[in-house]
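Single-structure report; data block below.
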Amino acid sequence: MSHPGLSKLDELCVNTIRFLTLDAVEKAKSGHPGMPMGMAPAAYTLWTRHLKFNPAHPTWHNRDRFVLSGGHGSMLLYSLLYLTGYNLTLEDLQQFRQWDSKTPGHPEYDPELGVEATTGPLGQGISNAVGMAIAQKYLAQYFNREGFPVVDYKIYVFAGDGDLQEGLASEACSLAGHLGLDNLVVVYDDNHISIDGPTELSFTEDRAKRFDAYGWYVQKVDGDGNDMKRFERALIKAKSEVGRPSIIQFRTHIAYGSPNMQDTAKAHGSPLGAEEIRLTKQALGWDPDKHFHVPPEVLDHMRQAFDRGAEAENEWNDLFRRYAEQHPDLARQFTDAAEGRLPVRLDDVLPKFEAGGKPLATREASGKVLDALMPKLPTILGGSADLTPSNNTRFAGVTDFQKDARLGRYIRYGVREHGMGAIMNGISLSRLLRAYGGTFLAFSDYMRGAVRVAALSKYPSIFVFTHDSIGLGEDGPTHQPVEHFAALRAIPNLLVIRPADANETAQAWKYILENRDRPVALLLSRQGMPILDQNRYASAANLQRGAYVLTSSGQPQVLLLASGSEVALALDAAQKLEAQGVPAQVVSMPCWTLFEKQDEKYRHSVIPPHVKARVAVEAATEFGWHKWLGDHGAFVGMCRFGASAPYKACYEGFGVTVDNVVKAAKEVLQKLQTPS
Ligand SMILES: Cc1ncc(C[n+]2csc(CCOP(=O)(O)OP(=O)(O)O)c2C)c(N)n1
Ligand SMILES: [Mg+2]
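According to the numbering used here, the sequence shown is numbered sequentially starting from 353.
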């Protein structure tokens, strides 16, 4: 075995990483030993000689970011975190993949521990990294001043065959090339193996040419994954490349050093087994009887990261202190953004919409809200997946973020919904910026992978989904969402907000911007809707509570529950019912999750338990409504895909009408009054 460019001590460190991995996977009887074995030298070289970080303060803003996109190789990351001195112990490594441990099978999002991004679903990490690189470019342009490079970090990614095969990565990397993100360096673990076997089975395109065509700077490092002289040369060139993101196609061997498992697919995701581990340890000059062995000189050497990190951060703190003297306003903005403080009181700038005028689609109302708020919120980046005029996501006066325009706040994602979702997540990982991005609600399916990751990791991305029902009309059933409300509501941690009119839309944006603890899906209509009279009905500010009584007869016999464009319909139905002697209570339900968080007293005032006659109306599937309707309620909505027709014809044709709500209410009442 030879490791050009590494000393004996370096080699010892590399092998420590390898064997911590093998021992942890073996102990857990579960995990992925292969990738860390092959990538250990590159990881060691990057982490000890190039990556800027401070284990004592993992969230230091100007640290370099390291994204392990092939998250299955998590033991590589955990070993590095432990060895360099993050808040992780050898016992934590021994708890790999166990209940409640700090070392789950796939790294999730744990910035305090040094885990930068959630990377279980392949392709997400590398695409998050594109968002992280966009964020860095914007922040650098916004905050840096002559002599004060307060934002000058880089983003490094380890990605495997699986990452590169995922369509998601193609979307994101194509955009990264277009945008010339030269702060992004990807090391491609070209080990010719994935789970099913050799990559020849399904992956034979010329990856180098592909990335070259995207506009990346591509370098190849052949050999066996151990020649750190060549790897480091490429890394240095990649770091200093101007105008293009970099990828190093790095030939490695999965399970390097294992006499019988190297270069096999089996080594991807199964423990090597006690006997093979013995043989591997022997082959690499390690004591086969030692487990979780960390030679003291390895720890000494790798923990120098502490001093290096402290020095780097101190230098930066010093720089920032001088920056704050020279540019106090910028420094304050930086700190405010980092601590989640908004620069304005939103109530002072939130537009108010008068009732009685022309109907207004909530997507249009949203556009007006963005026009009013966004110029005052420079740490929010907008965008759309090529539906800008339909999503109303571009606010007045904004310019595009481009290769030669890093202060632009509007990202043209192109028709790349999944890429957009993952990039938005990456932008929010800066912890200084947030991103919103638009597409049609039906295409939320195309970005669901990223939406789920945002929810899992609580990235505060703002997914703007317009054209939220059959109300979009003629484009027809391919574009008309019906199951999507339910599908999104089913994701834990995701707030789904569907405002009923322009003022609820403004309130929705207020809630979203004032809370950055999780992602949001904002569902907006294409068609116009009346602006509800807040003198006659309750204030839209109640949206903050998730659901509220818009109007009530005091002693209601029936509850009418609705969201979005169907709220006005429910109000009309209530009037008809009143006229027929049936008192009703109309509840606007823009966000189930926020409503569930309210105390019982409030919830019971909105949906009184004793009023069993309930009708919900929503131009979507019933799935999930049972919770609010109980056993006696009825639902007026969609039970099949939509149709291509003018939107009013769709509502009529599918029976989502005032008369049907009235009819359903009376039927429910009658059933309840009939003794069984
Ligand atoms: C979206 C997604 N699909 C499938 C998987 C399951 N999976 C995990 S690793 C892997 C193969 C990855 O191959 P490669 O990136 O070459 O990793 P290596 O075997 O070289 O470690 C697959 C299919 C996943 N994690 N994410
Ligand atoms: Mg592979």
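We put the CB at the ideal spot given by N, CA and C, even for glycine.
If you're wondering where the values come from, they're calculated on a predicted model, not measured in any experiment.
**Asked** Any idea if PHE817 is buried or exposed, counting beta-carbon neighbours within 10 angstroms, 16 or more meaning buried?
**Response** It counts as buried.
**Request:** Tell me whether VAL594 is buried or exposed, calling it buried when 16 or more other Cβ atoms sit within 10 Å of its Cβ.
**Result:** Exposed, by the Cβ-count rule.
**Prompt:** Can you find a C-beta in chain D that's less than 8 angstroms from the C-beta of PRO829?
**Reply:** Among the chains of the structure shown, chain D does not appear; only one protein chain is present.
**Asked** Does the distance from the C-beta atom of MET881 to that of THR714 stay below 8 angstroms?
**Response** Between MET881 and THR714, the C-beta gap is smaller than 8 angstroms, which places the two residues in contact.
**Message:** When you measure from the CB of ASP576 to every non-hydrogen atom of ligand 2, does any distance come out below 7 angstroms?
**Reply:** Outside the cutoff, so no.
**Message:** On the DSSP letters alone, give me the boundaries of the alpha helix (DSSP H) that GLY771 sits inside.
**Reply:** Note, GLY771: alpha helix (DSSP H), 769-780.
**Message:** Taking 7 angstroms as the cut-off, is the C-beta of ILE478 nearer than that to any heavy atom in ligand 2?
**Reply:** No, the Cβ of ILE478 stays beyond 7 angstroms of every heavy atom of ligand 2.
**Message:** By the three-class DSSP mapping on this structure, what secondary structure does GLN937 have?
**Reply:** Here GLN937 sits in strand by DSSP.
**Request:** Quick one: residues in its chain with C-beta nearer than 6 angstroms to the C-beta of VAL696, no 5 flanking neighbours on either side, listed in chain order?
**Result:** Taken in chain order, the residues that qualify are LYS728.
**Asked** Can you find a heavy atom of ligand 1 that lies under 7 angstroms from the Cβ of PRO550?
**Response** It does not: the Cβ of PRO550 is nowhere closer than 7 angstroms to a heavy atom of ligand 1.
**Message:** To the nearest angstrom, how far is the alpha carbon of MET654 from that of ILE849?
**Reply:** Straight-line Cα distance between these residues: approximately 48 angstroms.
**Prompt:** When burial is assigned at 16 or more other CB atoms within 10 Å of the CB, is LEU403 buried or exposed?
**Reply:** Its Cβ being crowded by 16 or more others within 10 Å, LEU403 is buried.
**Request:** Pick out the complete alpha helix (DSSP H) segments inside the region 624-693, 4 residues or longer, and give them in chain order.
**Result:** Along the length of the region 624-693, whole alpha helix (DSSP H) runs at least 4 residues long occupy 626-635, 648-654, 656-678 and 680-690, reported in chain order.
**Message:** I need the straight-line Cα distance from ASP756 to MET726, nearest angstrom please.
**Reply:** Rounded to whole angstroms, ASP756 to MET726 spans 22 angstroms at the Cα level.
**Asked** Using the beta-carbon count (16 or more within 10 Å), is PRO680 buried or exposed?
**Response** With fewer than 16 other Cβ atoms within 10 Å, it is exposed.
**Asked** Under 7 angstroms from any heavy atom of ligand 1, does the C-beta of ASN1033 make it?
**Response** The displayed coordinates of the chain run from 353 to 1028. Any statement about residue 1033 would go beyond what the structure contains.
**Request:** Report, in whole angstroms, the separation of the C-beta atoms of SER915 and GLU970, which I expect to be a contact under 8 angstroms.
**Result:** The beta-carbon distance between SER915 and GLU970, rounded to whole angstroms, is 6 angstroms. This is short enough to meet the 8 angstroms contact definition.
**Request:** Work out the CA separation of ARG768 and GLY512 for me, nearest whole Å.
**Result:** Cα to Cα, the separation comes out at about 21 angstroms.
**Message:** If the criterion is Cβ atoms closer than 8 angstroms, does the pair LEU847 and VAL803 meet it?
**Reply:** It is not a contact, given that the beta carbons lie outside the stated cut-off.
**Message:** For SER426, count the other beta carbons within 10 Å of its own beta carbon; 16 or more makes it buried, fewer makes it exposed. Which is it?
**Reply:** With 16 or more other Cβ atoms from the protein chains shown falling within 10 Å of its own Cβ, SER426 counts as buried.
**Request:** Spell out the partners DSSP gives LEU946 in its beta bridges.
**Result:** LEU946 is not bridged to any residue.
**Prompt:** Within 7 angstroms: the Cβ of LEU624 and any heavy atom of ligand 1?
**Reply:** At a cut-off of 7 angstroms, the beta-carbon of LEU624 does not count as near ligand 1: no heavy atom of the ligand is closer than that.
**Prompt:** Given GLY423, which residues of its chain have a CB within under 7 angstroms of its CB, disregarding the five upstream and five downstream residues?
**Reply:** So the qualifying residues of the chain are HIS458, PRO459, THR471, GLY472 and GLY477.
**Request:** Hey, could you find the ends of the beta strand (DSSP E) LEU474 is sitting in?
**Result:** Here LEU474 belongs to no beta strand (DSSP E), and DSSP marks it neither H nor E.
**Asked** Is TYR608 helix, strand or coil when you go by DSSP?
**Response** The answer is coil: DSSP assigns TYR608 none of H, G, I, E or B.
**Asked** Residue range of the alpha helix (DSSP H) that THR397 falls in?
**Response** Counting along the chain, the alpha helix (DSSP H) containing THR397 begins and ends at 386-401.
**Request:** With a threshold of 7 angstroms, establish whether the CB of ASN543 neighbours any heavy atom of ligand 1.
**Result:** Checking the Cβ of ASN543 against ligand 1 gives yes.
**Request:** For GLY828, name the three-state secondary structure that DSSP assigns.
**Result:** For GLY828, the three-state secondary structure derived from DSSP is coil.
**Request:** Output yes or no for whether 8 angstroms exceeds the beta carbon distance between SER813 and PRO730.
**Result:** It is not a contact, given that the beta carbons lie outside the stated cut-off.
**Asked** How big is the Cα-Cα spacing for LEU465 and LEU433?
**Response** The straight-line gap from Cα to Cα measures roughly 8 angstroms.
**Beta-carbon spacing of GLY976, ARG841 below 8 angstroms** = In contact: GLY976 and ARG841 (Cβ atoms closer than 8 angstroms).
**Message:** With H, G and I counted as helix, E and B as strand and the rest as coil, what does DSSP make of PRO741?
**Reply:** Helix.
**Message:** On a Cα-Cα basis, can you pick out the residue from GLY906, SER598, ARG559 and GLY709 that is closest to LEU884?
**Reply:** Closest by alpha carbon: GLY709.
**Beta-carbon gap between TYR863 and LEU895 smaller than 8 angstroms** = Judged by their CB atoms, TYR863 and LEU895 are nearer to each other than the 8 angstroms cut-off.
**Asked** Which residues in the same chain have their Cβ closer than 6 angstroms to the Cβ of ALA972, if we skip the five residues on either side of it in sequence?
**Response** The residues are VAL834, PHE837, GLY989 and MET990.
**Request:** Taking only runs that begin and end inside the region 402-471, name each unbroken beta strand (DSSP E) of 3 or more residues, in chain order.
**Result:** You should have 417-420.
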